[in-house]
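Chemist: The structure is given below, and queries will be raised subsequently.
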């Protein structure tokens, strides 16, 4: 009976487990032998530790009918070592601990258990193979010699008999590593990754492993072998990718993903051996020390109780971790136990992050503690989902705020709840700004909804085709006009002239052109349709929005002058309007000091004032009971919010702002004070204006005045001001008191007696500009005014030209010069070569200006026989293809500037067809500020009398001209090789069809003048409204002008009309009702009367100006 029981038990032990999924290891670190296709252990081998496995389903024919895992005769697999494979074969005399399989052939012994089925492929991640780096430095280590290599890329390395290669540690790349016939060594002094681009071939009795005395083990040595078996990569091909010779000592990890790892007879191997296939030879002993496996990754979690607290309260952080040696909590906590809790007292909403670190890496978790402070300013966040939509689709704006009592969203949404959401369907990319207000201030946030466009492709060979890739994804233009397609480019810098990246650039009033961003060099390129002056808007979080204007011609690249963006002043002041007139708060900006002096801007608020958030249409949106205010000086002309009107000289400008509110107005004006750092006379007018970003224009405001602080009762405290220079107090508001004019100036350190200021009243916050007029001078000491500007402007003796200007006639050589088929043009230095074609009257013609690398010379006459007195320097600029070539010359007569242009645009692309250069010559002079005229609003008005105060910016008078640079086609029909054409093969210019590039290198332009009627049928009167202009009656047309779109306008004198003919040739009336007289100001232009108008012109913004002759008026049609 006991024997029967024993047999029964034996049967129970060896029965396979069916229908239960095998729990295969999912970590490579537990395997000493692992392959993707097959493992073969030959007789007598021993696996002391580390599992044996094959990742994939049996590859069938690849194995040539062998099992995926083959355990040979008399092999011993130690306890705790598991075998995994699709098909497993155990031969006679083999002893295996445990097997996981789908198909099993067993003639040996399985000591522990059998498990089936096995899910394949096994969920084990193989090592990532490092990118091989080729090397060419070969080394042949002679018999008995030693070579030490530092990390790097090498070629073939051969170690001869008893030779030694020592690797000091790090990453190595070898083409091949061959250890010769016998006794070679590769020793490692510290952790090493050895990447072999082809094969590893140790010979007999080789040693691969740690150097004596090193503190590393096999685990720190990883050998990656990239080669295949033989030339075919087949299982039976030789040599193998990694072939370890007989009786080696191998203490390293080997990974050969594309071939076989073959460890031959008698080798002692410690590590992990991974390959496409792995073959373990007779009597090999394998011990696990895996350097490829992944240590268990740490896990960690953290919580807080409570999660929401009030200022001054505490919360308890509690955390736990696994597989971690250490934990750190930030901010402010530091190193903690791997499990524990701690009490914290955050003073504001804080996210605590715990980082747990262990052998398997690091893990993090975070918890946010919300700290409510009833006295904190409001905060708000807004998002758009989705952030990008197609035309006609909608997005949802969602927002949340704290400490807010009211909220407003611009772009037509209006007042909203302080937390909520709404759907929007913009037709072009739109930035939505939410502004929230509360008893402690205001806050704002922005969300952008990008509307994707799909403009039609530009025609082949058009100017725009080469720049089509620059069209932004959110350009919603249906189709760019190919005749007007242009680019605008420019650079954006910080105040220190370093470039700013990721600045958003849009076109004011033209959202259909989309959005682009500046690159790492601060450069942008945005496609538009030219023919008008455009205002570019630059935005970047943390910097003040800036505008710049540029005129954009058709089919060209307009360049915006490089400018600077600045951050807001860090100094701020909080003001609460409590209704009490005795509440007085004075804000003073950060003091700025430079070569012109020291100054700051002070703003005085009283509690009985009221402040309002204003929407984009000028309507009050919310009252602001508490504001946080700043004043940020634009310290350089290049940093100004926009370029000043030409009659204003850069003097002083500051951005007056309220945190979280874009537009703010005050019920009563607030008084601003700026130190009189330039020393203007007391009583002088301070011209004041502001920049309206919604309209993109400068707007004049009421003047300020230069004042002096007085002490009328001689108690050492400022109590009055002098506003006319007589040292007597002045009552500016005529209320019978002198003291209220200096409210808020109680600090005698900041506002000492006798000091002078510019005093300005402002009723809203925006860029506030205080800029005097200027006059050019010939000399400051003595002060001598300059002659009228027309007589001191640049006087070049000639016009700009290019050395590549091509003659319209064949090149004519000097008489009596006999050239044998080659010549160089005298002026342009273009090299020509002609080779006759035997039996024909044709030649092969070469021209050097048609090959890559040809550079064009541009010559600019700069000054005439004399130059004006007081001229400081001369600036010469050539704007071509989006690039600015510039030279600064001394103020001398008879000068020329010479430039060399390589024919590339600002993107380093070759220009096709014709390049149009804008040549500018600037005469630079000193200037002084002029006395502003006695007008209620003197901003941007011309001054007359001179002050003795030198202007902060020189005045430059410019002369501008255009230069056309023809560029012969390099790849043209009939081109036989670069620069070579047949003399009889000609080609029309794809950009300028009237231009013919001839095969002999010359240029022919069709200059025939064709007269064409575009309006009128030859009969007087007026008819044809809304029809073809050539069929209309027109009575005495006068004064024709064109707009940026290609439409033209003219006056019909006797019909008292201004008519337009559009690009389709249709005529319509745009001003005048056909009756003589004067009426209609402020209403539709077609309903008003004109009285014999005689002239019309169109400005760059598309406004019409009409000379209404018999009404003695100039009338504008916007």
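In mature numbering (1 follows the signal peptide of the UniProt record, and there is no 0), the protein residues as written are -19 to -1, 1 to 1099. Glycine is no exception: its CB is placed at the ideal position from the N, C-alpha and C atoms.
#1: For residue 321, does the count of other Cβ atoms within 10 angstroms reach 16, so buried, or fall short, so exposed?
#2: What residue from 999, 849, 856 has the CA that sits closest to residue 758's CA?
#3: For residue 290 versus residue 352, is the C-beta spacing smaller than 8 Å?
#4: Mind checking residue 221: buried by the 16 CB within 10 Å criterion, or exposed?
#5: Skipping 5 residues on each side, what residues in its chain have a beta carbon closer than 6 Å to that of residue 1023?
#6: Would a C-beta distance cut-off of 8 Å place residue 384 and residue 357 closer than the cut-off?
#7: Please go through the same chain and pick out, in chain order, the residues whose beta-carbon is closer than 6 Å to the beta-carbon of residue -3, but skip the five residues on each side of it.
#8: Taking buried to mean at least 16 other C-beta atoms within 10 Å of its own C-beta, is residue 79 buried or exposed?
#9: To the nearest angstrom, how far is it from the Cα of residue 1125 to the Cα of residue 732?
#10: How close, in whole Å, do the beta carbons of residue 561 and residue 599 come, if the pair is a contact with beta carbons under 8 Å?
#11: Looking only at its own chain, which residues have a Cβ that is under 6 Å from the Cβ of residue 91, when we skip the five neighbours before and after it?
#12: Give the secondary structure of residue 164 by DSSP, where H, G and I count as helix, E and B as strand, and everything else as coil.
#13: Can you tell which of 772, 962, 907, 19 has the C-alpha that lies nearest to the C-alpha of residue 937?
#14: Taking only three categories from DSSP, how would you classify residue 227?
#15: Rounded to a whole number of angstroms, what is the C-alpha to C-alpha distance between residue 788 and residue 947?
#16: Enumerate in chain order the residues of its own chain whose CB-to-CB distance from residue 777 is below 8 Å, with the five nearest sequence positions on each side excluded.
#17: Check residue 524 in the structure and name its three-state DSSP category.
#18: Residue 417: which of 1026, 403, 299, 361 sits nearest, CA to CA?
#19: For residue 367, name the three-state secondary structure that DSSP assigns.
#20: Just curious, the alpha helix (DSSP H) that residue 578 is in, first and last residue?
#21: What residue does the alpha helix (DSSP H) around residue 771 start on, and which one ends it?
#22: Looking at residue 434 and residue 342, is the spacing between their C-beta atoms short of 8 Å?
#23: Give a yes or no on whether the C-beta atoms belonging to residue 614 and residue 635 are separated by under 8 Å.
#24: For residue 604, does the count of other Cβ atoms within 10 angstroms reach 16, so buried, or fall short, so exposed?
#25: Which two residues bound the contiguous beta strand (DSSP E) that contains residue 569?
#26: With residue 471 as the anchor, note down where its beta strand (DSSP E) starts and where it stops.
#27: Output needed for residue 644: all residues of its chain with C-beta closer than 6 Å, excluding positions within five of it in sequence on either side, in chain order.
#28: Is DSSP giving residue 413 helix, strand or coil here?
#29: Buried or exposed, going by whether 16 or more other CB atoms sit within 10 Å of the CB of residue 1085?
#30: Using the C-alpha atoms, what's the distance from residue 16 back to residue 1125?
#31: Given a cut-off of 8 Å, decide if residue 687 and residue 663 are closer than it, judged by their beta-carbon atoms.
#32: Count the other C-beta atoms from every protein chain shown that fall within 10 angstroms of the C-beta of residue 510, then say buried if there are 16 or more, exposed otherwise.
#33: Taking its Cβ as the centre, do 16 or more other Cβ atoms sit within 10 Å of residue 428, making it buried, or is it exposed?
#34: In three-state terms, what does DSSP make of residue 535?
#35: Figure out for me which residue from 148, 493, 123, 143 has the closest Cα to the Cα of residue 130.
#36: So residue 681 packs on residue 918, CB below 8 Å; how close in whole Å?
Modeler: According to the structure data:
#1: Position 340 of the chain shown, counting from 1, holds the residue named residue 321. When all chains shown are included, residue 321 counts as exposed.
#2: Within the chain shown, the letter at position 777 stands for residue 758. The shortest Cα separation from residue 758 among 999, 849, 856 belongs to 849.
#3: Locating residue 290 in the chain shown gives position 309, where the first residue counts as 1. Locating residue 352 in the chain shown gives position 371, where the first residue counts as 1. Between residue 290 and residue 352, the C-beta spacing is below 8 Å.
#4: Position 240 of the chain shown, counted from the start, is the residue given in the question as residue 221. Residue 221 should be labelled buried.
#5: If you number the chain shown from 1, residue 1023 lands on position 1042. Taking C-beta separations shorter than 6 Å and ignoring five residues to either side along the sequence, the partners of residue 1023 in its chain run 1029, following chain order.
#6: Taking the chain shown and counting its residues from 1, one reaches residue 384 at position 403. Taking the chain shown and counting its residues from 1, one reaches residue 357 at position 376. In contact: residue 384 and residue 357 (Cβ atoms closer than 8 Å).
#7: Numbered from 1 along the chain shown, position 17 holds the residue referred to as residue -3. Per-residue confidence for residue -3 stands at a pLDDT of 40, beneath the threshold of 50, marking its modelled position as unreliable; no derived number is given.
#8: Position 98 of the chain shown, counted from the start, is the residue given in the question as residue 79. So residue 79 ends up on the buried side.
#9: The question about residue 1125 has no answer, for the chain in this structure spans -19 to 1099.
#10: Along the chain shown, one-based indexing puts residue 561 at 580. Along the chain shown, one-based indexing puts residue 599 at 618. Not a contact, Cβ separation roughly 29 Å.
#11: Working through the chain shown from its first residue, we reach residue 91 at position 110. Closer than 6 Å at the Cβ level, and outside the excluded window around residue 91, lie 77, 80.
#12: The residue labelled residue 164 in the question sits at position 183 within the chain shown. The answer is coil: DSSP assigns residue 164 none of H, G, I, E or B.
#13: Mapped onto the chain shown, residue 937 falls at position 956. The residue with the shortest Cα to Cα distance from residue 937 is 907.
#14: Here residue 227 is taken as the residue at index 246 of the chain shown, counted from 1. In this structure, residue 227 counts as coil in the three-state DSSP scheme.
#15: The residue given as residue 788 occupies position 807 in the chain shown. The residue given as residue 947 occupies position 966 in the chain shown. Reliability fails at residue 788, whose pLDDT of 37 lies under 50, so the model's placement of it is uncertain and no value is given.
#16: Counted from its first residue, the chain shown places residue 777 at position 796. Taking C-beta separations shorter than 8 Å and ignoring five residues to either side along the sequence, the partners of residue 777 in its chain run 841, 842, 843, 844, 845, 902, 940, following chain order.
#17: Here residue 524 refers to the residue found at position 543 when the chain shown is read from its first residue. DSSP, reduced to helix, strand and coil, places residue 524 outside both helices and strands of the structure shown, so it counts as coil.
#18: Within the chain shown, numbered from 1, the residue matching residue 417 stands at position 436. That would be 361, whose Cα lies nearest to the Cα of residue 417.
#19: Position 386 of the chain shown holds residue 367. Of the three classes helix, strand and coil, the one that applies to residue 367 here is coil, per DSSP.
#20: Locating residue 578 in the chain shown gives position 597, where the first residue counts as 1. Here residue 578 belongs to no alpha helix (DSSP H); instead the beta strand (DSSP E) covers 578 to 580.
#21: To locate residue 771, count along the chain shown from 1; it is residue 790. It spans 770 to 773 - the alpha helix (DSSP H) in which residue 771 sits, taken as one unbroken run.
#22: Here residue 342 refers to the residue found at position 361 when the chain shown is read from its first residue. Here residue 434 refers to the residue found at position 453 when the chain shown is read from its first residue. No Cβ-Cβ contact shorter than 8 Å links residue 342 with residue 434.
#23: Start at 1 with the first residue of the chain shown, and residue 614 comes out as number 633. Start at 1 with the first residue of the chain shown, and residue 635 comes out as number 654. Cβ atoms of residue 614 and residue 635: closer than 8 Å.
#24: Your numbering for residue 604 matches position 623 in the chain shown. Per the 10 Å Cβ criterion, exposed.
#25: Counting from 1 along the chain shown, the entry for residue 569 is found at position 588. Here the beta strand (DSSP E) through residue 569 covers 565 to 569.
#26: Taking the first residue of the chain shown as 1, we reach residue 471 at position 490. Taken as a continuous stretch (DSSP letters only), the beta strand (DSSP E) holding residue 471 covers 466 to 474.
#27: Translated into positions along the chain shown, residue 644 becomes position 663. Once the five neighbours on either side are set aside, the close Cβ partners of residue 644 are 595.
#28: Against the chain shown, residue 413 aligns to sequence position 432. Reduced to three states, the DSSP call for residue 413 is strand.
#29: Stepping through the chain shown from its first residue, residue 1085 is reached at position 1104. Taking all protein chains shown into account, residue 1085 has 16 or more neighbouring C-beta atoms within 10 Å of its C-beta and is therefore buried.
#30: No information on residue 1125 is available, as it lies outside the stretch -19 to 1099 that the chain covers here.
#31: Start at 1 with the first residue of the chain shown, and residue 663 comes out as number 682. Start at 1 with the first residue of the chain shown, and residue 687 comes out as number 706. If you check the CB distance, residue 663 and residue 687 come in under 8 Å.
#32: Mapped onto the chain shown, residue 510 falls at position 529. Counting the other Cβ atoms within 10 Å of the Cβ of residue 510 gives 16 or more, which makes it buried.
#33: Residue numbering aside, residue 428 sits at position 447 when the chain shown is read from its first letter. Result: buried.
#34: Along the chain shown, one-based indexing puts residue 535 at 554. Under the three-state reduction of DSSP output, residue 535 falls in the coil class, being neither helix nor strand.
#35: As a working mapping, residue 130 is identified with position 149 in the chain shown. If we check each option's Cα against that of residue 130, 148 comes out closest.
#36: Numbered from 1 along the chain shown, position 700 holds the residue referred to as residue 681. Numbered from 1 along the chain shown, position 937 holds the residue referred to as residue 918. About 4 Å; that satisfies the 8 Å criterion.
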